[in-house]
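Structure first, commentary second.
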Amino acid sequence: MTSPLELHDPSFRGFASDNYAGIHPEVLAAMAAANGGHQTSYGDDVYTARLQEVFQRHFGPDAQAFPVFNGTGANVVGLSAMTRRWSAVVAAETAHINVDECGAPEKVAGIKLLTVPTPDGRLTPELVDRQAWGWGDEHRAQPHVVSLTQSTELGTVYTPEEVRALADHAHERGMLVHMDGSRLANAAASLDVPMREFTTDAGVDVLSFGGTKNGLMLGEAVVVLNPELAPSIKYLRKSAMQLASKMRFVSAQLLALLEGDLWLRNARHANGLAVRLADAVRDLPGLEITRPVQANAVFAILPKDVTERLQKRFRFYTWNFSTGEVRWMTAFDTTEEDVDVFAAAIAADLTG
Ligand SMILES: Cc1ncc(COP(=O)(O)O)c(C=O)c1O
């Protein structure tokens, strides 16, 4: 019998976002296992303690992880620790911190964002230099941080060498490097390298590590890789309203993801299905794949009337209303059948 609390069809999956997905069963089981009895609140619990060891295994012995509720919070807390009242952060125009956080970095962290248009969501040292100038000029907010998103909002991925070049460039100018890793696992799966190769080892100072899009109910972590930046984080996290009193349940979820290889299994699965979808529709007449498919997103332009008809049957977003570009995202629970049914529907509409 269906529970009266079940208000949706649990077999329905779309291509709108990886955060439309539910909780991975192993994560749900980890939360259940962490339940019962009392544990000290506000992070002084055994799950959060264990999480430090696990993050250090992935990101090196200096890594310090601060669990938070969401990605906007992770970015705000991390960037706050890296900036002063007169700081600016250089970021891609398409960065989530610029377009999708309702101004939280500006309002809550008090940072000026200096943005740069990019061809595919990735910054380069040359692009950074369009905004990284004017130090010492009291009329200009001081560029103190470069923020990169890995994988990017456009489904592309920086190689470890690209991150290293950006970090060296930033550090030579006295700037720090923040990485919005809301989809960090997807980047690692795509590059097939350990996460520390394009974070700690490439010179990233502070990382927003994403869990929600990779199978958690909720939970991300600010991971401080440059220990000098760690002391302020606990105060900033609380004052930014990101300190969970029952933190054991955020930490238990992150542990479920990172203790074994669930983070990689989920990301590989989602990425693989994005490639399957792109390959299935790439040669269709009237459809153009617009970005390299390097993580779990496919971007395409197709006729607007086709998009409108498809959107009546499948959930996905129009990314750019003027060009008709759409975004299709896969998640840890997307199935091959979901992709094949969707691709067949696109083909039938375009060729029928
Ligand atoms: C690149 C990126 N950063 C951060 C976030 C985190 O957002 P939220 O505050 O909704 O968890 C998202 C979510 O869409 C994202 O795509």
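Taking our numbering, the leading residue of the sequence shown gets 1120, the next gets one more, and so forth.
C-beta: ideal position from N, C-alpha, C; glycine also.
This one's a predicted model, so the numbers in the text were calculated from it and none came from an experiment.
Contact between Leu-1337 and Phe-1188 holds: their C-beta atoms lie close to 6 angstroms from each other, under 8 angstroms. For Glu-1212, there is no enclosing beta strand (DSSP E), since its DSSP letter is neither H nor E. Under DSSP, Thr-1453 takes part in no beta bridge, so it has no partner. Fewer than three beta-carbon pairs drawn from the stretch 1300–1307 and the stretch 1235–1251 are found closer than 8 angstroms, and the two stretches are therefore not classed as touching. Classified as buried, Glu-1339 has 16 or more neighbouring CB atoms from the shown chains inside 10 Å of its CB. Nearest to Gln-1261 by alpha-carbon distance, out of Ala-1414, Arg-1283, Thr-1202, is Thr-1202. Counting along the chain, the unbroken alpha helix (DSSP H) around His-1177 starts and ends at 1165–1178. Three or more Cβ pairs drawn from the stretch 1267–1283 and the stretch 1226–1241 lie within less than 8 angstroms of each other, which places the two stretches in contact.
Cβ atoms of Ala-1168 and Gln-1175 stay farther apart than 8 angstroms, at about 12 angstroms.
The continuous alpha helix (DSSP H) containing Leu-1396 extends over residues 1381–1400. For Thr-1331, the shortest separation between its Cβ and any heavy atom of ligand 1 lies below 8 angstroms. About 15 angstroms separates the Cβ atoms of Val-1312 and Leu-1326, ruling out a contact at the 8 angstroms cut-off. The C-beta of His-1157 has fewer than 16 other C-beta atoms within 10 Å across all chains shown, which makes the residue exposed. Per DSSP, reduced to three states, the secondary structure at Asn-1345 is coil, with no helix or strand assignment.
Pairing Asn-1194 with His-1290 gives a Cβ-Cβ distance that is not under 9 angstroms. For Gly-1162, the CB contacts under 6 angstroms within the same chain, skipping 5 residues up- and downstream, are Met-1366 in chain order. Selection around ligand 1 by beta-carbon proximity, strictly under 5 angstroms to any non-hydrogen atom, yields Asn-1189, Gly-1190, Thr-1191, His-1215, Thr-1268, Asp-1299, Ser-1301 in chain order. A direct Cα-Cα distance of roughly 30 angstroms separates Ala-1464 from Thr-1213. Put simply, the stretch 1144–1156 touches the stretch 1375–1386. At least three CB pairs are less than 8 angstroms apart.
A straight-line Cα-Cα distance of about 15 angstroms links Ala-1211 and Ile-1230. Taking the Cα of Val-1264 as reference, the smallest distance to any Cα among Ala-1140, Pro-1236, Gly-1197, Asp-1402 is reached at Gly-1197. In the structure shown, the three-state DSSP call for Lys-1231 is strand. Annotation note: the stretch 1311–1382 contains the following uninterrupted beta strand (DSSP E) runs of length 3 or greater, listed N- to C-terminal: 1325–1329, 1339–1343. Burial is judged here by how many other beta carbons sit within 10 angstroms of a residue's own beta carbon; Met-1448 has at least 16 and is buried. Looking at the DSSP output, His-1297 bridges to Ser-1266, Val-1325.
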